[in-house]
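Residue numbering for the sequence shown follows this note's numbering, starting at 8 and increasing by one per position.
Glycine residues also receive a C-beta, built at the ideal position from the N, C-alpha and C atoms.
Fair warning: this is a prediction, and the values are worked out from it, not measured in the lab.
Right, one structure below, let's go through it.
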Amino acid sequence: MRKYIYFDELTSTNDYIKENYQSLSNLDIVVAKHQTKGKGRLSRDWEDGSNSILLSMLIKPKKDLLVSLTPLVASAAVYKFLKKYVDNIQIKWPNDILVNGKKIAGILVETKYLEKFEYVIIGIGININDESFNKTLKDKAISLYEVTGKKENILEMYEKISEILRKEYKLFLKEKSNYLEINRINSAIIGEEVFLKIDGKLEKVKVLNIMDDGSILVNYNGQNKTFTSGEVTLNKNYN
Ligand code: BT5
């Protein structure tokens, strides 16, 4: 089986898979040294200085899976990968990984559904060897190098993260992954008051838990309600 497909430059690893998924196989991984149009959620940008992990994994699900869970599976994989290098990692539901309160990694899951899922793409960006960030990102982004003071071999890291991600996804399919626990124990938001976009307005809510279906349970206006990742934007210090 192919390990991963490497490019020096792509617009976006997610977009590459979208355009080529028919000729790619389940669990193929596409990586790029640099993206010219790296994407976040909701048309936001993902920036890189050619010093980070930029990868996407293609899933061609055999049966319908609960897609709302895939960002959590990816978060757990990134957590397990980073844990070997740093402590103090927090997961900000549903798709950000923070170290020392700043964003070290982001996850973007995109899907195409016709009569079944044609694809689920898990895109992951992790800041590795960046020595600094531009003015707009400086206060909210962090790289592994900024935490450890050590430069890493990105090609070796691609092998490790690819292995962990594929393994975590296979365990998830077998219902043997502890991804929910990882997301709960290391949550940046459980027990916290955060802002949540509800009906277009930012509302202050207290997060009580992450549910088994991947939604969050919050207390809002004295009532407990669940929200799925598709409905809300958490807005504490970041978007
Ligand atoms: C994300 O979106 O965090 C998902 C990022 C996914 C990136 C990967 S890279 C490989 C694959 N191919 C792609 O094209 N995308 C995926 P969101 O939660 O919307 O966060 C975006 C926001 O994070 C931006 O608006 C910035 O504020 C901030 N940001 C941008 N670049 C960053 C970086 N390198 N490190 C930390 N924060 C960043």
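Residue burial classification, residue i (beta-carbon count within 10 angstroms, cutoff 16)
i, result
"residue 48", "buried"
"residue 120", "exposed"
"residue 23", "buried"
"residue 50", "exposed"
"residue 219", "exposed"
"residue 99", "buried"
"residue 13", "exposed"
"residue 20", "buried"
"residue 222", "buried"
"residue 226", "exposed"
"residue 192", "exposed"
"residue 181", "exposed"
"residue 32", "exposed"
"residue 136", "buried"
"residue 246", "With a pLDDT of 49 at residue 246, under the threshold of 50, the predicted position of this residue should be treated as unreliable, though the coordinate-derived value follows. Exposed, by the Cβ-count rule."
"residue 139", "exposed"
"residue 156", "exposed"
"residue 141", "exposed"
"residue 77", "buried"
"residue 45", "buried"
"residue 42", "buried"
Nearest-angstrom Cβ-Cβ length linking residue i and residue j, presumed shorter than 8 angstroms
i, j, result
"residue 214", "residue 198", "7 angstroms"
"residue 104", "residue 62", "In fact, because the Cβ distance is near 14 angstroms, the residues do not count as touching under 8 angstroms."
"residue 148", "residue 110", "5 angstroms"
"residue 38", "residue 165", "5 angstroms"
"residue 133", "residue 60", "4 angstroms"
Per DSSP, the bridge partner or partners of residue i
i, result
"residue 42", "17"
"residue 134", "59"
"residue 194", "98"
"residue 129", "64, 116"
"residue 227", "230"
"residue 36", "64"
"residue 124", "120"
Are the region 186-203 and the region 83-91 in contact at 8 angstroms, needing three or more beta carbon pairs? yes
Does the pairing of the region 61-73 with the region 112-131 give three or more beta-carbon distances under 8 angstroms? yes
Note down, one range per segment and in chain order, each beta strand (DSSP E) of at least 3 residues found wholly within the region 89-122. 96-99, 103-106, 109-120
Complete alpha helix (DSSP H) runs within the region 167-220 (minimum length 4 residues, chain order): 186-192
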